[in-house]
Amino acid sequence: MNAEETFELWQKADNLPDYLQEQLDELGKDPKWVADAFGQDINFGTAGMRGRLEPGTNRINLFTVGKVTEGLARLIDENGEEAQKRGVAISFDSRYHSREFAEYAARILATHGIHVYLFDDLRPTPELSFAVRYLHTFAGINITASHNAKQYNGYKAYGEDGAQMAPESADRLFSYAQKVKDIFHIKADNVAKLRANGTLQLIGEDVDEAYLAELKKVNIDTDLIKKNAEKLKIIYTPLHGTGKMLYDRAFRQGGFDNVIPVPSQSIIDPEFPTTIKPNPEYRDVFKPGFKLADEVDANVIIATDPDADRMGAAVRKEDGDFQVLTGNQIATLMAYYLLVHLKEIGKLSNDYEIVTSVVSSALPFKIAEDFGIKTKHVLTGFKYIGEEVDRMNKAGDAKFLMGFEESYGYLFKPFARDKDAMQGALMFAEVASYYASRNMTVFDGLKEIWQKYGVAYEITRAIEMPGIGGQKKMAELMSKLRDEHLTEINGTKVIKIQDFLKKETIENGKVTPLEGFPESNVLKYFLDDETWVALRPSGTEPVIKAYVGVNRATIEEAEKAAEDYQAALAKLLK
């Protein structure tokens, strides 16, 4: 069926909720919207699906959620009775319709006879990852759009290891979903019936306590924290989301008693009224925190995004203003602190390993090399960090120190297999304690690292390609770049190219295999001024992610150089 025929089918549906019917009637007046909303099925990848909360097959709504959940149910049925008994854990965030979608997914699965553990209220994404492992479920579902604007929601599917679902399973799930003939009448018994027969089980405090017990193990120097607790005031904002559920207990059990929440951003609100986009990489989300920090004389602000998998921070500089740190800078500070501490207590050994993505900062690896420990690059996605943790555990050839991604994701204790903002917040608070013990600010500490190892600075930009033709345009651009083999970017010579799709390295005119990575649509360029550039189409959004990392003598020079390279990439991708 074409877009118009599919649109007509939706118009004839007899069970659209009132809010969807109103949107359909209003938005359906625009032929361009109809073509985009009904011209294709929403993309479902290893990170699940994400889209605008609107009617349509290319949108997030009750029926697209139902369709992929029916696909998951059939995948579990295929795996037999044991998989059905192990079941699925389901959580959700603070967005519009998240609870509704989570409950509908639970009803569909439970109607298949699949045991469902449904959280009684919103919870952080990493707690869902933990719950899958803790309850030994076959799969997990999280209803969230992470850090996107209020108009969005999404659906993340998790495998039995607590990481986002592996590509083979995700493809099979989607294949089953495509076979659902009537998305408006998927069988889903009522909650009371499913509760009565024991197929649908609510979870909450029982899993909270187990997750908090694991969080208690994240901090490594309780004496340091205790001695410097009075010197430290931390402002915390959950950005209207799930971090509010556990932050107070997590900080207090870690010894951080002087944590002050931002009142206006501690209200659970799907409108995210204090910011356009609740993403801790943006300075505007910290504005209420800046005001509160000045009032109470605090030097550190920690923010978690609405599903509490990303953690950002702002720290006071010597001029009194706040610097919003990048995810790479936060990871650099934490890696350096962990290694310094291990060395001080005589427990540093060369089998420790730091794991990060191929588009994250090189500086933590430079620090790791200085301390004599191992490093490992993986593809973007925390599931790959989780895979490396499993590999090193089985091989016994390394000890996991930390994993991080430039997109504000960190992991220290792999009881979860997704990025964990609660772990990140606790570790960053300990880093602040360390510098307080030396009568330094965190920003002083960052400058100390730069002085020792050089200034590395990175910028990530999302170059949007919206609309039904967006995916095609992204594919054509990446194909063109592969064919061209760029020789310079912004006037600087390219000395090496890594192509993670063709799995080859091009250097000095020679092509050699790029081993140790699965196929991925990523291109990474190395330039002769120590700059690196990477391009990666997003799996859940109509954007090409452009990454730039530079090395310069000063932060001012580095920031300017990174901006110049980003401007050049924006022109290249027009």
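Numbering-wise, the sequence shown is residues 2 to 575 according to this note's numbering.
Cβ coordinates follow ideal geometry from the N, Cα and C atoms, glycine included.
Values in this document were obtained by computation on a predicted structure and should not be read as measured data.
**Study point:** alpha helix (DSSP H) segment containing residue 41, residue limits
**Key:** What you label residue 41 is simply residue 40 of the sequence shown in a count that begins at 1. Residue 41 -> no alpha helix (DSSP H), and no H or E assigned at all.
Check your understanding: Alpha carbon to alpha carbon, how far is residue 569 from residue 490?
Key -> Mapped onto the sequence shown, residue 569 falls at position 568. Mapped onto the sequence shown, residue 490 falls at position 489. Rounded to whole angstroms, residue 569 to residue 490 spans 7 Å at the Cα level.
Practice item. Please look up how many angstroms separate the CB atoms of residue 311 and residue 153, rounded, as I've assumed it's under 8 Å. Key: Taking the first residue of the sequence shown as position 1, residue 311 is located at position 310. Taking the first residue of the sequence shown as position 1, residue 153 is located at position 152. Not quite, the Cβ-Cβ distance comes to about 15 Å (not below 8 Å), so this is no contact.
Exercise for review: Identify every residue that forms a DSSP beta bridge with residue 513.
Suggested key: By one-based count along the sequence shown, residue 513 stands at place 512. As DSSP reads the structure, residue 513 sits in a beta bridge with 506.
Point to revise | CB contact flag (residue 76, residue 147, <8 Å) | key: Indexing the sequence shown from 1 puts residue 76 at position 75. Indexing the sequence shown from 1 puts residue 147 at position 146. Contact: no.
**Study point:** In chain order, each beta strand (DSSP E) run of at least 3 residues that lies wholly inside the segment 171–238
**Key:** The DSSP assignment places complete beta strand (DSSP E) segments of no fewer than 3 residues inside the segment 171–238 at 201–204 and 235–238, in order along the chain.
Exercise for review: Please check the pair residue 354 and residue 399, which I expect to be a contact at CB under 8 Å, by giving their CB distance rounded to whole angstroms.
Suggested key: Within the sequence shown, residue 354 is the residue found at index 353, counting from 1. Within the sequence shown, residue 399 is the residue found at index 398, counting from 1. Your pair residue 354 and residue 399 checks out as a contact, with CB atoms roughly 4 Å apart and the cut at 8 Å.
Practice item. Note down, in chain order, each residue of its chain lying with its Cβ closer than 6 Å to the Cβ of residue 232, except the 5 sequence neighbours on either side. Key: Here residue 232 corresponds to residue number 231 of the sequence shown, with the count starting at 1. Cβ within range, chain order: 437.
Practice item. Could you tell me the boundaries of the alpha helix (DSSP H) in which residue 567 lies? Key: If you number the sequence shown from 1, residue 567 lands on position 566. First-last of the alpha helix (DSSP H) with residue 567: 556–573.
Check your understanding: Taking the alpha-carbon positions, what's the residue 283 to residue 325 distance?
Key -> Within the sequence shown, numbered from 1, the residue matching residue 283 stands at position 282. Within the sequence shown, numbered from 1, the residue matching residue 325 stands at position 324. If I take the Cα positions, the gap works out to 8 Å.
**Study point:** Buried versus exposed, by CB contacts within 10 Å (16 or more), residue 440
**Key:** As a first step, residue 440 must be located in the sequence shown, where it is residue number 439. Its Cβ having fewer than 16 others within 10 Å, residue 440 is exposed.
Review point. Which same chain residues, not among the five before or five after residue 250, have their C-beta less than 7 Å away from its C-beta?
Key: Looking up residue 250 in the sequence shown gives position 249. These residues qualify, in order along the chain: 213.
Practice item. Determine the extent of the beta strand (DSSP E) in which residue 497 is found, giving its start and end residues. Key: For the purposes of this step, residue 497 is taken as residue 496 along the sequence shown, with counting starting at 1. Segment 493–500, the beta strand (DSSP E) holding residue 497.
Review point. Can you tell me the Cα-Cα spacing of residue 267 and residue 96, whole angstroms?
Key: By 1-based counting over the sequence shown, the position of residue 267 is 266. By 1-based counting over the sequence shown, the position of residue 96 is 95. Counting only the Cα atoms, residue 96 lies some 14 Å from residue 267.
Practice item. Could you have a look at residue 329 and say whether DSSP puts it in helix, strand or coil? Key: To locate residue 329, count along the sequence shown from 1; it is residue 328. Reduced to three states, the DSSP call for residue 329 is helix.
**Study point:** Own chain partners of residue 90 with C-beta closer than 7 Å, once the 5 adjacent residues on each side are dropped
**Key:** Here residue 90 corresponds to residue number 89 of the sequence shown, with the count starting at 1. For residue 90, where only same-chain residues beyond five positions count, the Cβ hits under 7 Å are 118, 129, 132, 133, 136, 138 and 141.
Exercise for review: Could you give the DSSP three-state label for residue 287: helix, strand or coil?
Suggested key: The residue you call residue 287 lines up with position 286 of the sequence shown. Here residue 287 sits in helix by DSSP.
Practice item. To the nearest angstrom, report how far apart residue 402 and residue 373 are at their CA atoms. Key: Start at 1 with the first residue of the sequence shown, and residue 402 comes out as number 401. Start at 1 with the first residue of the sequence shown, and residue 373 comes out as number 372. Answer to the nearest angstrom: the Cα atoms are 13 Å apart.
Point to revise | Rounded C-alpha distance that separates residue 462 from residue 410 | key: One-based indexing of the sequence shown puts residue 462 at position 461. One-based indexing of the sequence shown puts residue 410 at position 409. If I take the Cα positions, the gap works out to 16 Å.
Point to revise | Contact the segment 211–231 vs the segment 420–431: 3+ CB pairs below 8 Å | key: Below 8 Å, enough C-beta pairs join the segment 211–231 and the segment 420–431 to call them touching: three or more.
Point to revise | Terminal residues of the alpha helix (DSSP H) in which residue 8 lies | key: Taking the first residue of the sequence shown as position 1, residue 8 is located at position 7. Residue 8 -> alpha helix (DSSP H) spans 4–13.
Review point. Which two residues bound the contiguous beta strand (DSSP E) that contains residue 412?
Key: Here the question's residue 412 lines up with position 411 in the sequence shown. Per DSSP, the continuous beta strand (DSSP E) segment holding residue 412 begins and ends at 410–412.
Review point. Does DSSP classify residue 126 as helix, strand or coil?
Key: Taking the sequence shown and counting its residues from 1, one reaches residue 126 at position 125. Residue 126 sits in a helix when the DSSP states are folded into three classes.
Check your understanding: What is the rounded straight-line gap between the Cα of residue 85 and the Cα of residue 564?
Key -> The sequence position of residue 85 within the sequence shown is 84, counting from 1. The sequence position of residue 564 within the sequence shown is 563, counting from 1. Residue 85 and residue 564: Cα-Cα distance of roughly 51 Å.
Exercise for review: Tell me, to the nearest whole angstrom, how far the beta carbon of residue 435 is from that of residue 364; I am working on the premise that it is less than 8 Å.
Suggested key: For the purposes of this step, residue 435 is identified with residue 434 of the sequence shown, where counting begins at 1. For the purposes of this step, residue 364 is identified with residue 363 of the sequence shown, where counting begins at 1. The C-beta separation of residue 435 from residue 364 comes to about 18 Å, leaving the pair out of contact by the 8 Å criterion.
Review point. Leaving out five residues before and five after residue 421 in sequence, what residues of the same chain have Cβ atoms less than 6 Å from its Cβ?
Key: Counting from 1 along the sequence shown, the entry for residue 421 is found at position 420. Same-chain partners within the cutoff: 127 and 412.
Point to revise | Inter-stretch contact (C-beta, 8 Å, three-pair minimum) for the segment 298–314 and the segment 326–337 | key: Flag = yes, the segment 298–314 and the segment 326–337 touch.
Check your understanding: Out of curiosity, what's the CA-to-CA distance linking residue 465 and residue 543?
Key -> If you number the sequence shown from 1, residue 465 lands on position 464. If you number the sequence shown from 1, residue 543 lands on position 542. Approximately 6 Å between the Cα atoms of the pair.
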